[in-house]
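*Asks:* Per the numbering used here, residue 366 is the first one in the sequence shown, and the count goes up by one each step. Glycine is no exception: its CB is placed at the ideal position from the N, C-alpha and C atoms.
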Amino acid sequence: MSTQVSEEVREALHEGRPVVALESTIISHGLPRPRNLAVARELEALVRDGGAVPATVAVVDGTARIGLDEAGLVRIAEDPAVRKLGHRDLAPALAAGATGATTVSATAWLADSAGIRVFATGGLGGVHREWAETQDESADLRLLARVGVTVVCAGVKSILDVPATLQRLETLGVTVVGYGTDRFPGFYLSSSGERVDWTVRTPEEVARVMRARDELGGPRSALIVGNPVPREEQLDPALHDRVLARGLAAARDKSVTGQAVTPFLLEYLMVHTDGASLEANLAAVRGNVRLAARVAAADRDRP
Ligand code: PSU
Ligand code: MN
366 MSTQVSEEVR
376 EALHEGRPVV
386 ALESTIISHG
396 LPRPRNLAVA
406 RELEALVRDG
416 GAVPATVAVV
426 DGTARIGLDE
436 AGLVRIAEDP
446 AVRKLGHRDL
456 APALAAGATG
466 ATTVSATAWL
476 ADSAGIRVFA
486 TGGLGGVHRE
496 WAETQDESAD
506 LRLLARVGVT
516 VVCAGVKSIL
526 DVPATLQRLE
536 TLGVTVVGYG
546 TDRFPGFYLS
556 SSGERVDWTV
566 RTPEEVARVM
576 RARDELGGPR
586 SALIVGNPVP
596 REEQLDPALH
606 DRVLARGLAA
616 ARDKSVTGQA
626 VTPFLLEYLM
636 VHTDGASLEA
646 NLAAVRGNVR
656 LAARVAAADR
666 DRP
């Protein structure tokens, strides 16, 4: 079979225990080696500490795996040949027997197909700032308009055009709520400055939104829970703006395009903030993973 749900994840789903899906592109393309492997393990441990079963998703030797074992995690973190796979890349990757890490779009699709209801990541992809020239909009957005998964994230990456991304999410009919805030989070920053229409304050409230959505039926689409990085752990906003402006110019000068844009900018920020952006990114991801485990648990406590 080209898709394989790990035994642990399969049993948890079967018994109605909470499961949290985790993407793998952040491991392969979003974080530096060798720290990425330690983070991959840490995120799984955080899910377990929260009483849920982690399901890290990736394609290994042509098999889409939902729930990676230790060898799979090591492969994704260490093998430089690991590709970045969006949803549209899944079929050719399976057919070619390739190995690749899944982005939000591919992970949300595979997790949803396996019956996993909650997914945690750092920041979603979205509309890029040069959209008018490049038409670069992450496939994450359209895919999230088609799957019923709840995504806990620190907003969309701040390298993007955040107002345009929020507008696209509105057009696509994707629900967005702020967790304990009326502002959309800014990935490395606690706030993007943009408003959200709905605020929830507890995992139980998120689970109630999920239940209401189930009862409503209708077209399936994701629930985005924007969970801000704690203010004391955010990147200094002035430093962020300064370095990002230079990074965007560098990407243009070097003609970085397509799938390479996001990893290039994340790395540029990391290098030129002396690692401070990496710490903010990790703080955001950790917070999201912890919250996702609590949401998955609340969702399973349905009356
Ligand atoms: N969140 C992070 N780091 C990352 C990503 C998310 O903290 O590297 C990845 C996700 O996999 C997301 C992808 O789907 O970046 C977006 O890439 P693109 O803009 O090329 O669609
Ligand atoms: Mn892109």
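Per the contact definition of three or more C-beta pairs closer than 8 Å, is the stretch 646-654 in contact with the stretch 400-416?
*Replies:* Counting Cβ pairs under 8 Å, three or more are found: they touch.
*Asks:* Taking all protein chains shown into account, do 16 or more other C-beta atoms lie within 10 angstroms of the C-beta of GLY558, making it buried, or fewer, making it exposed?
*Replies:* Looking up residue 558 in the sequence shown gives position 193. Result: exposed.
*Asks:* Taking 9 Å as the cut-off, decide whether the C-beta atoms of LEU608 and LEU634 are in contact.
*Replies:* Translated into the one-based positions of the sequence shown, residue 608 becomes position 243. Translated into the one-based positions of the sequence shown, residue 634 becomes position 269. Strictly speaking, residue 608 in this sequence is Val, with Leu absent from that position. Taking 9 Å as the Cβ cut-off, VAL608 and LEU634 qualify as a contacting pair.
*Asks:* Roughly how many angstroms separate the alpha carbons of TYR553 and ALA519, rounded to a whole number?
*Replies:* Locating residue 553 in the sequence shown gives position 188, counting from the first residue. Locating residue 519 in the sequence shown gives position 154, counting from the first residue. C-alpha separation (whole angstroms): 8 Å.
*Asks:* Could you name the residues, in chain order, whose CB is less than 6 Å away from a heavy atom belonging to the ligand ATP?
*Replies:* Although the ligand ATP was asked about, the structure shown includes only the ligand PSU and the ligand MN as ligands.
*Asks:* Three or more beta-carbon pairs under 8 Å between the stretch 561-578 and the stretch 491-504, yes or no?
*Replies:* Verdict: no, contact absent.
*Asks:* For the beta strand (DSSP E) containing PRO419, list its first residue and its last residue.
*Replies:* The sequence position of residue 419 within the sequence shown is 54, counting from 1. Element bounds for PRO419: 418-425.
*Asks:* What number of angstroms, rounded off, separates the C-alpha of ALA648 from the C-alpha of GLY395?
*Replies:* Along the sequence shown, one-based indexing puts residue 648 at 283. Along the sequence shown, one-based indexing puts residue 395 at 30. The alpha-carbon atoms of ALA648 and GLY395 are separated by roughly 14 Å.
*Asks:* Any idea what DSSP makes of LEU396, helix, strand or coil?
*Replies:* Stepping through the sequence shown from its first residue, residue 396 is reached at position 31. Here LEU396 sits in coil by DSSP.
*Asks:* Given GLU569, which residues of its chain have a CB within under 7 Å of its CB, disregarding the five upstream and five downstream residues?
*Replies:* Position 204 of the sequence shown, counted from the start, is the residue given in the question as residue 569. So the qualifying residues of the chain are ALA663.
*Asks:* Can you tell me whether GLN532 is buried or exposed? The criterion is at least 16 other CB atoms within 10 Å of its CB, across all chains shown.
*Replies:* Within the sequence shown, residue 532 is the residue found at index 167, counting from 1. GLN532 comes out exposed.
*Asks:* What are the boundary residues of the alpha helix (DSSP H) that ILE441 is part of?
*Replies:* Indexing the sequence shown from 1 puts residue 441 at position 76. Looking at the DSSP string, the run of the alpha helix (DSSP H) that includes ILE441 is 435-443.
*Asks:* Hey, does ARG607 have any beta-carbon neighbour from chain B nearer than 9 Å?
*Replies:* Although the question refers to chain B, the structure presented lacks it and comprises just one protein chain.
*Asks:* With the cut-off set at 9 Å, would you say LEU525 and SER470 are in Cβ contact?
*Replies:* Here residue 525 refers to the residue found at position 160 when the sequence shown is read from its first residue. Here residue 470 refers to the residue found at position 105 when the sequence shown is read from its first residue. No. Outside cutoff.
*Asks:* Tell me whether HIS637, by its Cβ, gets closer than 8 Å to a heavy atom of the ligand PSU.
*Replies:* Mapped onto the sequence shown, residue 637 falls at position 272. Not under cutoff, so the answer is no.
*Asks:* Taking GLY451 as the reference, which of GLU443, THR468, ALA479 has the closest Cα?
*Replies:* Counting from 1 along the sequence shown, the entry for residue 451 is found at position 86. Of the candidates GLU443, THR468, ALA479, the one whose C-alpha sits nearest the C-alpha of GLY451 is THR468.
*Asks:* Consult DSSP for GLY536 and reduce its assignment to one of helix, strand or coil.
*Replies:* Along the sequence shown, read from residue 1 onward, the residue named residue 536 stands at position 171. Inspection of the sequence shows that residue 536 is occupied by Thr rather than by Gly. Three-state result, THR536: helix.
*Asks:* For ALA587, collect the residues of the same chain with a Cβ closer than 8 Å to its Cβ; drop the 5 residues on either side in sequence, then sort them by chain order.
*Replies:* As a working note, residue 587 is residue 222 in the sequence shown. ALA473, LEU509, ALA510, VAL512, GLY513, VAL514, THR515, VAL516, VAL539, THR540, listed in sequence order.
*Asks:* May I ask you to check if the CB of HIS394 is nearer than 8 Å to at least one heavy atom of the ligand PSU?
*Replies:* Translated into positions along the sequence shown, residue 394 becomes position 29. Yes, the beta carbon of HIS394 sits closer than 8 Å to at least one heavy atom of the ligand PSU.
*Asks:* Please determine whether the Cβ atom of GLY490 lies at a distance below 8 Å from any heavy atom of the ligand PSU.
*Replies:* Within the sequence shown, residue 490 is the residue found at index 125, counting from 1. Within the cutoff, so yes.
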